[in-house]
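Colleague:
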């Protein structure tokens, strides 16, 4: 597959909500989840500053809360935040319309949960003709469900990249990386990895 072209990309932030895992609902490694949300926020901030259009979904916000603060703080102005009632984003007409309105041929995915909403979204968007890229270290499901979701998507032909790989694909050159992170010093120390 060719490198991921920033000019052909849009970012879909799927259900990265602050109350998705309330205490007692499921055994979740809060440290791993927190790092994943910070990494998804970093990807979102990089996308926003590169002019990549962002669409956000929220599943049952009355129960699961709004998108996590760490992500909301870096969303570009005007990024649509849309209610999602069908697990796969492409099954929700208003979400699919927002994705299509970006004009992007590549959908880059971050969020929750790897094995359900992210996987369903990836498969549906692939079926609709999009190139689909899942940022595997900016996705989360508890326990074995994360690996199950990654495996299912990979078997279906969804591309897997890390947050670092995505940034370097989008920036392409040594000079591009240096200039971008010099101009955006708050992003030069990403969560959980180094540039």
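Residue numbers (my numbering): 20 to 214. For each residue, glycine too, the CB sits at the ideal point set by N, CA and C.
For the pair the segment 77–85 and the segment 33–43, tell me if three or more CB-CB distances fall below 8 Å.
Modeller: The segment 77–85 makes contact with the segment 33–43; the number of CB pairs closer than 8 Å reaches 3 or more.
Colleague: Is it the case that the segment 140–159 contacts the segment 105–115, given that we only count it when at least three CB pairs across the two stretches are under 8 Å?
Modeller: yes
Colleague: Label residue 199 either buried or exposed according to how many other C-beta atoms from any shown protein chain fall within 10 Å of its C-beta, with 16 as the threshold for buried.
Modeller: buried
Colleague: Tell me whether residue 179 sits in a helix, a strand or coil according to DSSP, three-state version.
Modeller: strand
Colleague: Can at least three beta-carbon pairs, one atom from the segment 194–210 and one from the segment 151–160, be found at a separation below 8 Å?
Modeller: no
Colleague: With residue 85 as the anchor, note down where its alpha helix (DSSP H) starts and where it stops.
Modeller: Looking at the DSSP string, residue 85 is not in any alpha helix (DSSP H), and its letter there is neither H nor E.
Colleague: Note down, in chain order, each residue of its chain lying with its Cβ closer than 6 Å to the Cβ of residue 60, except the 5 sequence neighbours on either side.
Modeller: 89, 90 and 93
Colleague: Which two residues bound the contiguous beta strand (DSSP E) that contains residue 200?
Modeller: Where residue 200 is concerned, there is no enclosing beta strand (DSSP E), although the alpha helix (DSSP H) it sits in stretches over 193–202.
Colleague: Any idea if residue 104 is buried or exposed, counting beta-carbon neighbours within 10 angstroms, 16 or more meaning buried?
Modeller: Exposed, because fewer than 16 other Cβ atoms sit within 10 Å of the Cβ of residue 104.
Colleague: Give the DSSP-derived three-state secondary structure of residue 20 in the structure shown.
Modeller: coil
Colleague: If residue 128 sits next to residue 74, beta carbons under 8 Å apart, how far is it from one beta carbon to the other, in whole angstroms?
Modeller: With a Cβ gap of about 10 Å, residue 128 and residue 74 do not count as contacting.
Colleague: Is the Cβ-Cβ distance between residue 102 and residue 78 less than 9 Å?
Modeller: yes
Colleague: What distance in whole Å lies between the Cβ atoms of residue 29 and residue 123, which are believed to be in contact at a cut-off of 8 Å?
Modeller: 4 Å
Colleague: Would you kindly work out how many angstroms separate the C-alpha atoms of residue 114 and residue 133, rounded to a whole number?
Modeller: 18 Å
Colleague: Could you give the first and the last residue of the continuous beta strand (DSSP E) run that contains residue 54?
Modeller: From DSSP, residue 54 is part of no beta strand (DSSP E) but of the alpha helix (DSSP H) over 49–68.
Colleague: Please go through the segment 117–151 and give each complete alpha helix (DSSP H) segment of 4 or more residues, from N-terminal end onward.
Modeller: 138–146
Colleague: In angstroms with no decimal places, state the Cα-to-Cα distance between residue 191 and residue 130.
Modeller: C-alpha separation (whole angstroms): 25 Å.
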